[in-house]
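Visitor: First, the structure itself, so that you have it in front of you.
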Amino acid sequence: MQKTYKITDEDGIHARPATALVNTANKFKSEVFAEANNRKVTMKSILGVLSLGLESGDLVTFITEGEDASDLLAAFDDVFSQEGLGIVYR
8 MQKTYKITDE DGIHARPATA LVNTANKFKS EVFAEANNRK VTMKSILGVL
58 SLGLESGDLV TFITEGEDAS DLLAAFDDVF SQEGLGIVYR
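Everything in the sequence shown is counted per the working numbering, starting at 8 for the first residue and increasing by one.
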């Protein structure tokens, strides 16, 4: 499963929201990766997420594999909404 978001927060994905995403990812058994800026990283590593350097206007695609993949993507929807990070792009 996958979902793409457009980052709308003027500060992009910095330490606080990155931590919220990583903490959320680590609550699930499924693997989840982020693809952006020609890179792919695990969402279970804060350094990996921050290394993407996501800024306002960037697109990021989350790819999940596993038994609770749909629940994980739904949880990411919640984080994006609560943190005001971005909108679903596709």
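Beta carbons are placed, not taken as given, at the ideal position from N, Cα and C, and that holds for glycine.
Inspect the beta-carbon positions of Q9 and I70 and report whether they are closer than 8 Å.
Guide: Yes. Within cutoff.
Visitor: Tell me which same chain residues have a C-beta within less than 6 Å of the C-beta of V86, skipping the five on either side of it?
Guide: A27, L28 and T31
Visitor: Have a look at D78 and I14 and give me their C-alpha separation to the nearest angstrom.
Guide: 21 Å
Visitor: Which residue from D84, Y96, A43 and A76 puts its Cα closest to that of F35?
Guide: A76
Visitor: According to the Cβ coordinates, are L59 and A41 closer than 8 Å?
Guide: yes
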